[in-house]
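S.K.: Be aware that the sequence shown starts at 61, since it is given in this note's numbering, and climbs by one per residue.
C-beta atoms are modelled at their ideal positions from N, C-alpha and C, and glycine is treated no differently.
This is the structure I want to talk about, given as structure tokens.
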Amino acid sequence: MLTVHVELSAKANRVNVDVGQILPLHGTASGIAFLAASRLQVVSAYLEKPLQAFTAHTVTGPDTLAKAIAFAAASGYSRSSQGYEEGVHSIGAAILGADGQPIGALAVASPVSRVDDAVAAKQGEAAVTAARLIAARLTGEA
């Protein structure tokens with residue numbers, strides 16, 4: 061997943077991702093959200109690949125990744141806690157094109173110390189709302 065835009069938090073303790081940085085689908089909430097919105101053939105092909113561990117928390121098993129994808133498909137957003145970087149929690153939501161397939165994703169990344177289930181749910185709802193608005197603007201529906 062290619063990073064094309066970043067908004068930085070005003071807080072001193074924040075997560076930094078660089079524009080142009082490529083992030084793995086299985087290690088990030090944005091990537092898992094992208095997979096959750098993808099066609100079954102895309103997901104199946106991805107699950108057949110060996111999945112690199114970036115931290116001790118990275119989802120590397122196909123069954124575990126399939127569960128994360130199922131959660132994202134059901135809720136509209138995904139969660140990743142320390143999947144790509146220690147100490148980072150992220151929420152992701154897919155941005156869909158006119159054909160209903162993902163064309164990107166957005167993520168909210170926070171230090172793990174600032175996120176509990178209630179915060180994650182609130183961030184998830186906001187991410188889904190923002191992703192839908194972006195999709196509507198891109199497809200001319202807004």
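I need the straight-line Cα distance from ARG99 to ALA70, nearest angstrom please.
M.R.: Computed Cα separation, rounded: 37 Å.
S.K.: Of all the options SER141, GLY80 and GLN81, which has the alpha carbon lying nearest to the alpha carbon of THR115?
M.R.: Closest option to THR115, Cα to Cα, is SER141.
S.K.: Taking 8 Å as the threshold (C-beta atoms), are ASP78 and THR88 in contact?
M.R.: No. Outside cutoff.
S.K.: Which whole runs of the beta strand (DSSP E) in the segment 95-158 are 3 residues long or more, in chain order?
M.R.: Those beta strand (DSSP E) runs which fall completely within the segment 95-158 and span 3+ residues are 138-141 and 148-156.
S.K.: Taking all protein chains shown into account, decide if SER104 is buried (16 or more other Cβ within 10 angstroms of its Cβ) or exposed.
M.R.: Classification of SER104: exposed, given that the 10 Å Cβ count is below 16.
S.K.: Measuring CB atoms only, is the segment 155-162 touching the segment 129-145, in the sense that at least three cross pairs come out at less than 8 Å?
M.R.: Short answer: they don't touch.
S.K.: Pull up the distance between the alpha-carbon of ALA196 and that of ALA97, whole angstroms please.
M.R.: In a straight line, the C-alpha of ALA196 is about 16 Å away from that of ALA97.
S.K.: Do you know whose CA, among HIS149, LYS109 and VAL75, lies nearest ALA181's CA?
M.R.: Comparing Cα positions, the closest option is HIS149.
S.K.: What does the alpha-carbon distance come out to for the pair ALA187 and ILE194?
M.R.: Answer to the nearest angstrom: the Cα atoms are 10 Å apart.
S.K.: Tell me whether the beta-carbon of GLY152 lies closer than 8 Å to the beta-carbon of ALA202.
M.R.: Not in contact: GLY152 and ALA202 (Cβ atoms no closer than 8 Å).
S.K.: Per DSSP, what are the beta-bridge partners of ALA167 in this structure?
M.R.: For ALA167, which the question treats as bridged, DSSP gives the partners GLY152.
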